[in-house]
């Protein structure tokens with residue numbers, strides 16, 4: 044650690060504390076804590092989306108992939124992830140349409156598929172899946188960050204993860220507003236860090252020309268002692284993969300990532316439907332310079348460091364270059380940018396984890412209990428602290444099983460939720476039974492395919508989920524209008540508004556047109572009563 | 002390199018075109034609650 048590391052880290056911490064204190068004053072209701080009260084403006088929305096999008100895995104992983112696979116990584120990973128982001132405006136447009144939108148992803152599933160159930164089993168199932176998945180994600184961000192920090196600075200892994208805990212809690216204790224406010228700074232840090240990193244590499248190599256020349260002719264293996272590369276393979280579009288494998292990677296990245304529950308949550312936060320659409324468009328535009336810099340870093344690293352030492356993974360290529368070629372101040376900023384990337388992803392995961400266990404599980408299991416907003420927000424805040432501490436404690440001696448679970452959970456999320464979300468938003472006929480079938484078959488097929496060693500378990504899971512959803516929907520009754528109306532029409536019936544209000548347990552919107560409407564009874568229940 | 006950049010560029014162009022199309026649909030709907038504001042890229046009602 045140099046003098047500059049301490050200075051940059053202290054400045055970063057001061058900004059985080061300021062952002063956290065400022066955002067605490069914004070939280071007045073449960074909606075404020077979970078989704079920013081559905082009133083987030085474009086600037087804050089774009090900042091938080093960019094910061095959440097760029098994780099430590101992408102900042103370190105993309106240069107690593109380019110270093111070992113060449114420009115094929117641009118098609119497989121960069122273009123794949125961008126395509127996933129490119130379709131997000133379509134989802135955001137629909138998710139933020141209702142006058143009374145859901146506050147969480149499981150609540151969205153309940154509103155769309157089980158609006159009349161007193162206790163929605165589907166909401167509970169999705170909440171349990173999200174809790175498990177996001178706890179694992181959060182744990183892995185902590186472990187990943189600890190390893191990176193220990194390798195780069197020499198600070199003990201245990202100290203690094205507890206320092207991470209402080210930063211994590213600072214950014215998430217105020218709920219969605221503090222995540223969003225501190226993510227603005229994190230997004231700026233990430234952008235500055237990668238730009239300085241790319242600048243360092245361009246200066247050290249002499250510019251783009253020498254980098255491309257070196258990449259076109261190199262035969263140096265990725266690791267010392269490995270098999271040499273074919274000349275020019277790093278500039279071949281399909282690289283070492285071949286087109287069919289590369290297209291499989293592109294499709295998996297492009298399709299699976301768009302329906303991740305934390306993104307659906309993000310679409311509920313903006314002020315209105317148009318702000319949600321624009322948020323994702325500007326997010327993608329701002330990601331362009333970040334990824335252009337990461338591409339320069341990855342290819343430039345091959346020109347500077349033709350082969351890595353034996354046993355070193357390509358993930359460390361960026362910190363290695365910064366240590367050897369960047370001035371101390373630039374190296375310090377780049378390191379803090381890595382911290383910003385890890386924190387901005389982990390805080391969002393932590394918030395999702397806490398809301399799923401408190402809001403969607405605990406609160407939903409007691410439909411008759413009174414939850415006033417102040418008390419609920421306080422308890423939710425304690426859940427965030429408790430889960431943050433647990434994720435760090437679990438990272439002291441990380442069990443291998445959790446690390447293996449990462450790929451399972453992410454793919455299973457995509458396979459399980461893809462059709463219920465897409466059909467739920469764009470097909471009025473999509474119903475509850477179809478959602479159960481899609482989620483159960485998608486998740487199960489993905490896990491079975493993964494265990495059996497299939498090449499593309501996501502594709503298998505998503506395809507079987509599609510078939511199961513379509514067949515089940517066709518064989519069962521259409522949904523009541525209260526389930527889909529809010530996502531399709533500008534003017535909705537009083538009963539639809541009343542259902543949304545009952546599910547959200549709103550007391551603060553009682554002045555609306557539906558305030559006088561009685562809580563509706565499901566048509567089937569009505570029939571039974573008469 | 003050109004083919005790789007073409008894939009990347011296509012996803013960017015697709016996103017921008019899709020977003021602008023959705024914004025124009027919201028404008029055409031005239032629903033203020035959805036963000037219709039009188040300008041394609043505006044989402045807040047103009048205050049007089």
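Residue numbers (this note's numbering), protein chains in the order written: chain A, 44 to 573; chain B, 2 to 49.
Where a beta carbon is used, it is the ideal one built from N, C-alpha and C, also for glycine.
If you're wondering where the values come from, they're calculated on a predicted model, not measured in any experiment.
Contact between the segment 319-326 of chain A and the segment 79-98 of chain A is defined here as three or more beta-carbon pairs at a separation below 8 Å; is this criterion met? At 8 Å Cβ cutoff, the stretches touch.
Which value, in whole angstroms, describes the spacing of the CA atoms of residue 114 of chain A and residue 283 of chain A? Locating residue 114 of chain A in the first chain gives position 71, counting from the first residue. Locating residue 283 of chain A in the first chain gives position 240, counting from the first residue. Using only the alpha carbons, I get a separation of about 10 Å.
Counted within 10 angstroms of its Cβ, other Cβ atoms place residue 256 of chain A as buried (16 or more) or exposed: In the first chain, counting from the first residue as 1, residue 256 of chain A sits at position 213. When all chains shown are included, residue 256 of chain A counts as exposed.
List the endpoints of the continuous alpha helix (DSSP H) containing residue 320 of chain A. Position 277 of the first chain holds residue 320 of chain A. Here the alpha helix (DSSP H) through residue 320 of chain A covers 316-347.
Go through its chain and collect everything with a Cβ distance to residue 550 of chain A's Cβ below 8 Å, but skip five positions before and after it. As a working mapping, residue 550 of chain A is identified with position 507 in the first chain. Legend: pLDDT at residue 550 of chain A = 48, less than 50; position of this residue unreliable, no value from coordinates given.
For residue 36 of chain B, which residues in chain A fall below 7 Å Cβ to Cβ? Translated into positions along the second chain, residue 36 of chain B becomes position 35. Scanning chain A for C-beta atoms nearer than 7 Å to the C-beta of residue 36 of chain B yields 315, 316, 317 and 318, reported in chain order.
For residue 30 of chain B, which residues in chain A fall below 7 Å Cβ to Cβ? Here residue 30 of chain B is taken as the residue at index 29 of the second chain, counted from 1. Here the neighbours are 533.
DSSP-derived helix/strand/coil call for residue 83 of chain A: By one-based count along the first chain, residue 83 of chain A stands at place 40. Here residue 83 of chain A sits in strand by DSSP.
Own chain partners of residue 28 of chain B with C-beta closer than 7 Å, once the 5 adjacent residues on each side are dropped: What you label residue 28 of chain B is simply residue 27 of the second chain in a count that begins at 1. Spatial neighbours of residue 28 of chain B in its own chain (CB-CB distance under 7 Å, excluding positions within 5 residues in sequence) are listed in chain order as 37 and 41.
Would you say residue 551 of chain A lies against chain B (beta-carbon separation less than 7 Å)? As a working note, residue 551 of chain A is residue 508 in the first chain. Unreliable positioning characterises residue 551 of chain A in this predicted model, as indicated by a pLDDT of 40, which lies under 50. The coordinate reading is nonetheless provided below. Using a Cβ-Cβ cut-off of 7 Å, residue 551 of chain A does not count as an interface residue toward chain B, since no Cβ of chain B sits closer than that to its own.
Using the C-alpha atoms, what's the distance from residue 477 of chain A back to residue 99 of chain A? In the first chain, residue 99 of chain A corresponds to position 56, counting from 1. In the first chain, residue 477 of chain A corresponds to position 434, counting from 1. Roughly 36 Å between the two C-alpha positions.
If you draw a straight line from the C-alpha of residue 125 of chain A to the C-alpha of residue 297 of chain A, how long is it? Along the first chain, one-based indexing puts residue 125 of chain A at 82. Along the first chain, one-based indexing puts residue 297 of chain A at 254. Cα to Cα, residue 125 of chain A sits roughly 7 Å from residue 297 of chain A.
Using a Cβ-Cβ cut-off of less than 7 Å, list which residues of the segment 14-25 of chain B approach chain A; keep chain order. Per Cβ criterion, the list reads 15, 16, 17, 19, 20, 23 and 24.
Starting from residue 136 of chain A, find everything on chain B with Cβ-Cβ shorter than 7 Å and list it in chain order. For the purposes of this step, residue 136 of chain A is taken as the residue at position 93 of the first chain. Under the 7 Å cutoff, chain B gives 23.
If we cut at 7 Å on Cβ distances, does residue 25 of chain A have a partner in chain B? Given a span of 44 to 573 for chain A in the structure shown, any question on residue 25 of chain A remains unanswerable.
Quick one: give me the first and last residue of the alpha helix (DSSP H) that residue 357 of chain A is part of. Taking the first residue of the first chain as position 1, residue 357 of chain A is located at position 314. That residue, residue 357 of chain A, is in no alpha helix (DSSP H); it is neither H nor E in DSSP.
Flag residue 537 of chain A as yes if its beta-carbon sits less than 7 Å from any beta-carbon of chain B, otherwise no. On the first chain, position 494 is the one that residue 537 of chain A refers to. Interface residue (Cβ-Cβ distance to chain B less than 7 Å): residue 537 of chain A is not classified as such.
Distance CB(residue 16 of chain B)-CB(residue 53 of chain A) smaller than 7 Å: In the second chain, residue 16 of chain B corresponds to position 15, counting from 1. In the first chain, residue 53 of chain A corresponds to position 10, counting from 1. Going by C-beta atoms, residue 16 of chain B is not nearer than 7 Å to residue 53 of chain A.
Cα-Cα separation, residue 291 of chain A to residue 120 of chain A: As a working note, residue 291 of chain A is residue 248 in the first chain. As a working note, residue 120 of chain A is residue 77 in the first chain. One C-alpha to the other measures close to 11 Å.
Just verifying my parser: in three-state terms, what is the DSSP assignment at residue 266 of chain A? Reading the first chain from its first residue, position 223 is the one you call residue 266 of chain A. Reduced to three states, the DSSP call for residue 266 of chain A is strand.
Cutting at 6 Å between CB atoms, please list the residues of its own chain near residue 14 of chain B, excluding the five before and the five after it. Here residue 14 of chain B refers to the residue found at position 13 of the second chain. For residue 14 of chain B, there are no CB contacts under 6 Å within the same chain when 5 residues up- and downstream are skipped.
DSSP three-state call for residue 370 of chain A: helix, strand or coil? Here residue 370 of chain A corresponds to residue number 327 of the first chain, with the count starting at 1. It is coil, neither helix nor strand.
Assuming contact is defined by CB atoms lying nearer than 7 Å, are residue 254 of chain A and residue 346 of chain A in contact in what I supplied? The residue labelled residue 254 of chain A in the question sits at position 211 within the first chain. The residue labelled residue 346 of chain A in the question sits at position 303 within the first chain. Residue 346 of chain A is positioned such that its CB atom lies closer than 7 Å to that of residue 254 of chain A.
Applying a beta-carbon distance threshold of less than 7 Å, which residues of chain B neighbour residue 121 of chain A? The sequence position of residue 121 of chain A within the first chain is 78, counting from 1. Those within 7 Å of residue 121 of chain A in chain B are 9.
What does residue 313 of chain A pair with, by DSSP beta-bridge criteria? One-based indexing of the first chain puts residue 313 of chain A at position 270. When beta bridges are read from the DSSP output, residue 313 of chain A appears opposite A/83.
With 16 other Cβ atoms within 10 Å as the buried cut-off, status of residue 424 of chain A: The residue labelled residue 424 of chain A in the question sits at position 381 within the first chain. Residue environment for residue 424 of chain A: buried (at least 16 other C-beta atoms within 10 angstroms of its C-beta).
Terminal residues of the alpha helix (DSSP H) in which residue 581 of chain A lies: Beyond the ends of chain A as shown, which are 44 and 573, falls residue 581 of chain A; an answer cannot be given.
Run through DSSP, which three-state label would residue 351 of chain A get? As a first step, residue 351 of chain A is located in the first chain; it is residue number 308 there, counting from the start. DSSP, read as helix, strand or coil, puts residue 351 of chain A in strand.
Which chain B residues are close to residue 280 of chain A, counting only those with a beta carbon under 7 Å from its beta carbon? Taking the first residue of the first chain as 1, we reach residue 280 of chain A at position 237. Below the 7 Å Cβ cutoff, chain B contributes 4 and 5 as neighbours of residue 280 of chain A, in chain order.
Hey, would you say residue 229 of chain A sits closer than 7 Å to residue 387 of chain A, going by beta carbons? Reading the first chain from its first residue, position 186 is the one you call residue 229 of chain A. Reading the first chain from its first residue, position 344 is the one you call residue 387 of chain A. Their beta carbons are under 7 Å apart, which means residue 229 of chain A touches residue 387 of chain A by this criterion.
Cutting at 7 Å between CB atoms, please list the residues of its own chain near residue 162 of chain A, excluding the five before and the five after it. One-based indexing of the first chain puts residue 162 of chain A at position 119. Same-chain partners within the cutoff: 407, 408 and 410.
Enumerate in chain order the residues of its own chain whose CB-to-CB distance from residue 446 of chain A is below 6 Å, with the five nearest sequence positions on each side excluded. Your numbering for residue 446 of chain A matches position 403 in the first chain. Bear in mind that the predicted position of residue 446 of chain A carries a pLDDT of just 47, short of 50, making it too unreliable to give a figure here.
Short Cβ contact (7 Å threshold) for residue 258 of chain A with residue 378 of chain A: One-based indexing of the first chain puts residue 258 of chain A at position 215. One-based indexing of the first chain puts residue 378 of chain A at position 335. Result no, Cβ atoms of residue 258 of chain A and residue 378 of chain A do not sit closer than 7 Å.
Skipping 5 residues on each side, what residues in its chain have a beta carbon closer than 7 Å to that of residue 176 of chain A? One-based indexing of the first chain puts residue 176 of chain A at position 133. Setting aside the 5 residues that flank it on each side, residue 176 of chain A is surrounded in the same chain by 452 and 456, each with a C-beta closer than 7 Å to its C-beta; the list follows chain order.
So, helix, strand or coil for residue 406 of chain A, using DSSP? Within the first chain, residue 406 of chain A is the residue found at index 363, counting from 1. Judged by DSSP in its simplified three-state form, residue 406 of chain A adopts helix.
Along the chain, where does the alpha helix (DSSP H) that runs through residue 255 of chain A open and close? The residue labelled residue 255 of chain A in the question sits at position 212 within the first chain. DSSP places residue 255 of chain A in the uninterrupted alpha helix (DSSP H) bounded by 251-260.
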